[in-house]
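The block underneath contains the structure these notes are about, expressed in structure tokens.
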Amino acid sequence: MRTTNDVHQQFASFFKSETLQPFAYLVSKKLSEGHICLPLDDAGVLNEELPAHYKGFIEKRERLKTEPLVGTVPGERQPFILYNNCLYLQRYFAYESLVLERISDFGKTEETRLAERMESLHPLTGFIRELFAPKETAASGADSRTDWQMVAALNAVLNNLTIITGGPGTGKTSTVAKILAVLYCMNPALRVALAAPTGKAAARMGESLKSASVKPSTIHRLLGFVPDSTYFEHHRSNPLNYDVVIVDEASMIDVSLFAKLLDAIGPDTRLVLLGDKDQLASVEAGSLFGDLCQAQGQLNLFGRERAAFINSLIGDPSRAIDEGSVVTESEHPLFQHIIELRHSHRFSGEEGIGRFSKAIIARDKQTLNDFIVSSDAQVLVDTAYSRPLFEEFADGYAEFIREQDIRLALQKMNRLRVLCAVREGEHGVYQLNRRIEKYLQQKKLIRANGGFYENRPVIVTGNNYTVGLYNGDTGIVRADEKGTLKVWFEDGVEGIKPVIPGYISQAETVFAMTIHKSQGSEFDRVLIVLPDSESNAILTSELLYTAVTRARSKVFLQGSASVILQASDRFVKRASGIADRFSDY
Ligand SMILES: Nc1ncnc2c1ncn2[C@@H]1O[C@H](COP(=O)(O)OP(=O)(O)OP(=O)(O)O)[C@@H](O)[C@H]1O
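Counted from 1, the sequence shown has number 378 at position 378 by our numbering; the numbering is strictly sequential.
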């Protein structure tokens, strides 16, 4: 059997140079772990990751500079690029360069349009203030602090590129609706595109933005997917023909798609990227969204001139950008381009899911311990993996099984989910799906037979463009009026569509799913089941945070105290050189 390490070894063996081989091995290994490049500064760490026969070679890294296959100047067409003491595969260096170049281009275009955009916002002051008037239902205290939603929306009008990050319920969707309202007011013929990295995330964006007349699509579809090619129809020479492109769940975009998306945005198009910087990054290499959010150290900083202009539109000084966020003008291309929404309108930071998720990100052991010892109304931690709790949660699936109406059954099925960190083992997706099937079978709710049995919830695991099904789509098996079993999927906001099981070659049962797969989805309640060994490297604070924030109202968490605390202590630090390269642009 070929192991993953063999693949890296095979890649390394492809190069004849003894100096290059260990580094080629590590670059390949790091890429498979999601890193864009190999930082060369820590010989100890590098040596730890190398197989025994390469030990000692790392000390020779200075020689890389003279290797014929290693370029040291951007633009050089060598298989490897050594830059800022990081070793890249040429292709990934090129993606990173493209992202930097396009961000810099956005800034140059903005400069030429800023005065005109400011001028056209002025007459809309009344409309804007009304649009953003605090809701009476807003959580107490929400009105007496900077209204970052308003700041984000106004920047999105002024900028060509705006990045909006925020945790669950901080109003990302509400802000998008308001950005569109302002832009439509400025231009009633506005051409809008809405997109997300996966079909599921695009569908959820559609549900959240029901009032928008535009149907969100996947980024691949927006860019014009070309079968059997890594290129898209839209790129720099054939840019997207929209006034504004809004992309949700941007933390899931890998470096290659990120670069291609930015490349397809022309000078007349605004791009707004939304996401949660604290969530898991893309499965593929790159955590660009998070890296860009971290590139300046601090978020929500503005120059005096921009702050004064925005504050003049906000009017109310208590909701304006305060002095603490006003700093000396910066040349950084992302300065005034990233806004973090800091107030959750769904969760209080004082209790429940809001407090628990904040504690995970902050690695606040004391608070996590409080939850472990005594649960609250929204978060119940079960360190004993109690069977009754598991079965009670599984009972929730009876609701969709008993629902006759397929559309309602689909909605009910998607109200709850078991989320696993891993696939294999007692607490992995496969065994938990089987356990739930067995339990529901005992209750005579289903008759699981390994195939497409009636009421089997199914997740599609690969794109099928012919049938119009995408990785992550979920459906249920039900008989049609002739008694033929079909898999039914939600289709648009109101509709459903049946697909013959024979057309679905890549699918799994989805009573339980991986946390990775759950990104971009939300459920009323989730049961998170962690493996019982804290040494599992997959358990990170991002993973736990992503799982917990999938829930709208209730989280059940099965895992030992040490596993939970260890997970929150381990965070993914993906290597990319992007933050250090902004000074070149
Ligand atoms: N400024 C506000 N004042 C009061 N309520 C708000 C405000 N902004 C948003 N909300 C409410 O908070 C809830 C969450 O908002 P929204 O869906 O826009 O957040 P989100 O960041 O997109 O959430 P998520 O991505 O986690 O689904 C909604 O019920 C919305 O009506």
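Note that beta-carbon positions come from the ideal geometry of N, C-alpha and C, so glycine has one too.
If you're wondering where the values come from, they're calculated on a predicted model, not measured in any experiment.
{"query": "Return yes when the C-beta of Ser604 is under 7 Å from any heavy atom of ligand 1, and no when it is not.", "result": "Residue coverage of the chain in this structure runs from 1 to 585, which leaves residue 604 outside it and unanswerable."}
{"query": "Among Asp316, Ile128, Lys438, which residue has its Cα nearest to the Cα of Arg145?", "result": "Asp316"}
{"query": "In angstroms with no decimal places, state the Cα-to-Cα distance between His234 and Val373.", "result": "54 Å"}
{"query": "Closer than 7 Å to a non-hydrogen atom of ligand 1 - does that hold for the CB of Glu522?", "result": "yes"}
{"query": "Compare the C-alpha of Leu543 against each of Gly425, Asp370, Val379, Ile564 and name the closest.", "result": "Ile564"}
{"query": "Report the option in His337, Ser318, Leu46, Phe335 whose CA atom is closest to the CA atom of Cys86.", "result": "Leu46"}
{"query": "How many Å lie between Gln558 and Asn536 at the Cα?", "result": "15 Å"}
{"query": "Shorter than 7 Å, the distance from the beta carbon of Pro197 to the closest heavy atom of ligand 1, or not?", "result": "no"}
{"query": "Can you check DSSP and say which residues form a bridge with Phe225?", "result": "Phe232"}
{"query": "Go to Val586, then tell me how far its beta strand (DSSP E) extends in each direction, as first and last residue.", "result": "For residue 586 there is no data in the structure shown, the boundaries of the chain being 1 and 585."}
{"query": "In chain order, what are the residue ranges of uninterrupted beta strand (DSSP E) at least 3 long that sit wholly in the segment 112 to 194?", "result": "161 to 166"}
{"query": "Considering only heavy atoms of ligand 1, does any lie closer than 7 Å to the CB of Ser174?", "result": "yes"}
{"query": "Start and end of the alpha helix (DSSP H) containing Arg434?", "result": "429 to 442"}
{"query": "Here's the rule I'm using: 16 or more other beta-carbon atoms within 10 Å means buried, otherwise exposed. How should Asp248 be labelled?", "result": "buried"}
{"query": "Between the segment 158 to 169 and the segment 205 to 224, can you find at least three pairs of beta-carbon atoms closer than 8 Å?", "result": "no"}
{"query": "If contacts are defined as beta-carbon pairs under 8 Å, then Gly169 and Phe347 qualify, I think. What distance do you get, rounded to the angstrom?", "result": "6 Å"}
{"query": "What is the rounded straight-line gap between the Cα of Asp491 and the Cα of Pro388?", "result": "36 Å"}
{"query": "At what residue ranges does the segment 473 to 531 contain a whole run of the alpha helix (DSSP H), taking only runs of 4 or more?", "result": "515 to 518"}
{"query": "When DSSP labels each residue in this structure, what does Gln9 get in the three-state scheme?", "result": "helix"}
{"query": "The alpha helix (DSSP H) spanning Tyr545 covers which residue range?", "result": "541 to 548"}
{"query": "Where does the unbroken alpha helix (DSSP H) through Gly199 begin, and where does it stop?", "result": "199 to 208"}
{"query": "Would DSSP call Thr218 helix, strand or coil?", "result": "strand"}
{"query": "Between the C-alpha atoms of Phe272 and Thr112, what's the straight-line distance to the nearest angstrom?", "result": "Contrary to the premise, residue 272 reads as Val rather than Phe in this sequence. If you take the alpha carbons of Val272 and Thr112, they lie about 19 Å apart."}
{"query": "Apply the 10 Å Cβ neighbour rule to Ile58 and answer buried if 16 or more other Cβ atoms are within range, or exposed otherwise.", "result": "buried"}
{"query": "Quick one: what's got a C-beta closer than 7 Å to Asn414's C-beta in the same chain, skipping five residues either side?", "result": "Thr474, Phe523"}
{"query": "Compute the distance between the beta-carbons of Asn160 and Arg270, then report whether it is under 8 Å.", "result": "yes"}
{"query": "List in chain order: all unbroken beta strand (DSSP E) runs of 3+ residues lying wholly within the segment 288 to 351.", "result": "338 to 341"}
{"query": "Could you pull the start and end residues of the beta strand (DSSP E) that Gly275 belongs to?", "result": "270 to 275"}
{"query": "To which residues of the same chain is Arg423 closer than 7 Å at the C-beta, ignoring the five residues directly before and after it?", "result": "Val429, Tyr430, Thr514"}
{"query": "Would you mind reading off the limits of the beta strand (DSSP E) that contains Leu557?", "result": "551 to 558"}
{"query": "Please look up how many angstroms separate the CB atoms of Arg456 and Thr509, rounded, as I've assumed it's under 8 Å.", "result": "6 Å"}
{"query": "Please confirm if the segment 259 to 270 is in contact with the segment 227 to 242, defined as three or more CB-CB distances below 8 Å between the two stretches.", "result": "yes"}
{"query": "Please determine if the segment 120 to 136 and the segment 322 to 329 are in contact, where contact requires at least 3 C-beta pairs separated by less than 8 Å.", "result": "no"}
{"query": "Taking 8 Å as the cut-off, decide whether the C-beta atoms of Leu432 and Val572 are in contact.", "result": "no"}
{"query": "Kindly list the residues whose CB is nearer than 6 Å to the CB of Val192, restricted to its own chain and excluding five residues on each side of it in sequence; keep chain order.", "result": "Val214, Val244"}
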